[in-house]
Structures are given as C-alpha cells and as structure tokens.
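Heads up, the thing below is written out as structure tokens.
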Amino acid sequence: MKGLVALEAQINNVNNKQKKYYITTAITYTSSKPHIGNTYEIVLADAIARYKRLTGHDVYFQTGTDEHGQKIQEKAELNGKNSQEYVDEIALEVRRIWDIMNTDYDRFVRTTNPAHKEMVAKIFIKLYEQGDIYKGKYEGLYCTPCESFFTQSQLVDGKCPDCGREVNYASEEAYFFKLSKYAKKLEKYIDEHPEFIQPESRRNEIVNNFIKPGLQDLCVSRTSFDWGVPVTFDSKHVIYVWIDALSNYITFL
C-alpha cells in the first residue's frame, strides 16, 4: 500500500511538469510478414511508453511500416500483385499482430501514406537546394534482399556480409547525400553529448568504426526500380530508403 501511495505521489508531482517523451520503433519492412524480433521490439517500446505515461509524461509513441523498395516490388510481382496491394496486405497483418500484443501506440506510420510521401519529397528538395545532395554515378556490389551496396573488402566469402546471399555488380545514375560534410560536426556533438547514442558500446562502434575512418556519402535515389517516392524534379529517380524510410520519425511530428 505504501508503494502505491509513493507511486501516486510521484505521478502527481511529475504531472505538474508534463515532460514530453517521444518513443519510436524501427518500422517493419513489408517484404514479408513480421517476425518475432519485430514483436519483441514493439512490446519493449510499449512497456516503456506505458511506464512513462504512469510517471506523468506526455508520451507520443509511434510505429509503422517501411513499404518501398526493389525487394518489395519484386516480392509483389512474384505474388502476382501490384506493389500497393502487396504492402496493404502486409501492413494490415502487422497491425493485427500489434493488436494481439495489446500495444498502445499513438500513430502507425506507413511510408506509402500520401502525407509522408509529400513530406519526403519536400525534404529531398530542401537538401538539394541547400547543396547537400548532388547527382553522380554509383558502381558497386549490390545485395537485393538487404538493399545495400558493399565494397569487395566488405564481402564475406564473396557474399553479402549481412545475409550471406549472392551480390551482383550494379552501376546506375544516382543522387548522393553529402554525409562526409557532417563527420566533424557529428563527432563533436556525440563527444559533447555521450547520452545521444546508448549503450556506450554502440556509441564507440559508431564513432570508431564509421565516423573517425571517414564517412562516405550516401546514395539517396535509385533508377533501377520505380516503387518509391519520385524525385519531383527528376522523375526517373525514386527516393531511396535513407531519406524515405528514415524520415518517418519526423514526418508526422
């Protein structure tokens, strides 16, 4: 009983301040139905969101689905459906499972949502106009299931280091984001705000394995498939995952 009284006092005290708390999950990729790892993540996030609400925080809990890309387009074709029909079915299944798990999220974001797509297009234009995106040509080894490019040295026994599947040589015109331009700023910010990446082991991994050796500019558009958000000023390009999917965390704030 004393514990409940103490908790109530704590809640009443924090309620006066109403601190905002924003929590998200990785958005589930819709190339197939969700797996136990997705479910584990949503349950953990839901537990944190519920706890923060109990302690008086103004919680915004967001989850959703990543619905664009070459792999999804190919999966839809294999199933005899168009891409939108395919992701509609998977997204419905994801929400059904989240409901079974009794998760209490505030918003479910789909990257095929018109409002999200409109905002992604605006973000791309803004970055381009301020000189952070440029057109170039990408040549490298590509893993379709992972939708990732790799160098020869990154391969494991000549195959994708992430999934172990075959990679294929790819060459195409693309737009790139000048990530290298922000390396020093990122390193300085993380050094001054160590809590920005947690736990410490992951922070050290990002700093020592990626930032300090030199960040590479990111490929942020593709021309080899068309299932994605079009680049409004260059229609043969669709915006790639690094801007499309990752923008979901801010497009509905």
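Read in my numbering, the sequence shown has 129 at position 97, and its numbers run on one by one without any break.
Backbone N, C-alpha and C fix where the C-beta goes; we use that ideal spot for every residue, glycine too.
- Look at the region 69-134 and you find these whole runs of alpha helix (DSSP H), each 4 residues long or longer: 102-110, 115-132.
- Assignment of S212 by DSSP, reduced to helix, strand and coil, places it in the helix class.
- Per DSSP, V141 is one residue of the beta strand (DSSP E) stretching across 139-142.
- Residue nearest to W259 within the set S279, F265, A215, H269 is H269 (criterion: CA-CA distance).
- With contacts defined by Cβ atoms closer than 8 angstroms, K107 and T176 do not form a contacting pair.
- Assignment of S233 by DSSP, reduced to helix, strand and coil, places it in the helix class.
- Within the DSSP secondary-structure output, S180 pairs in a beta bridge with C175.
- For T56, the enclosing beta strand (DSSP E) stretches over residues 52-56.
- Per DSSP, the continuous alpha helix (DSSP H) segment holding V152 begins and ends at 146-161.
- Excluding the 5 residues flanking it on each side, I275 has same chain C-beta neighbours closer than 7 angstroms at V152, I155, F156, V252, in chain order.
- The bridge partners DSSP lists for C251 are F208.
- For a cut-off of 8 angstroms, the C-beta gap from V199 to L218 is around 28 angstroms, too long to register as a contact.
- The bridge partners DSSP lists for K167 are Y207.
- For the pair T60 and Q94, the CB atoms are not nearer than the 8 angstroms cut-off.
- For D276, the uninterrupted alpha helix (DSSP H) segment begins and ends at 273-276.
- Taking C-beta atoms as the reference points, D98 and T143 count as a pair closer than 8 angstroms.
- In the DSSP assignment, N280 falls within the unbroken alpha helix (DSSP H) covering 280-283.
- The C-beta distance from F140 to G96 rounds to 5 angstroms, short enough to fall under 8 angstroms.
- Contact between the region 230-250 and the region 205-216 is established, with three or more Cβ pairs separated by less than 8 angstroms.
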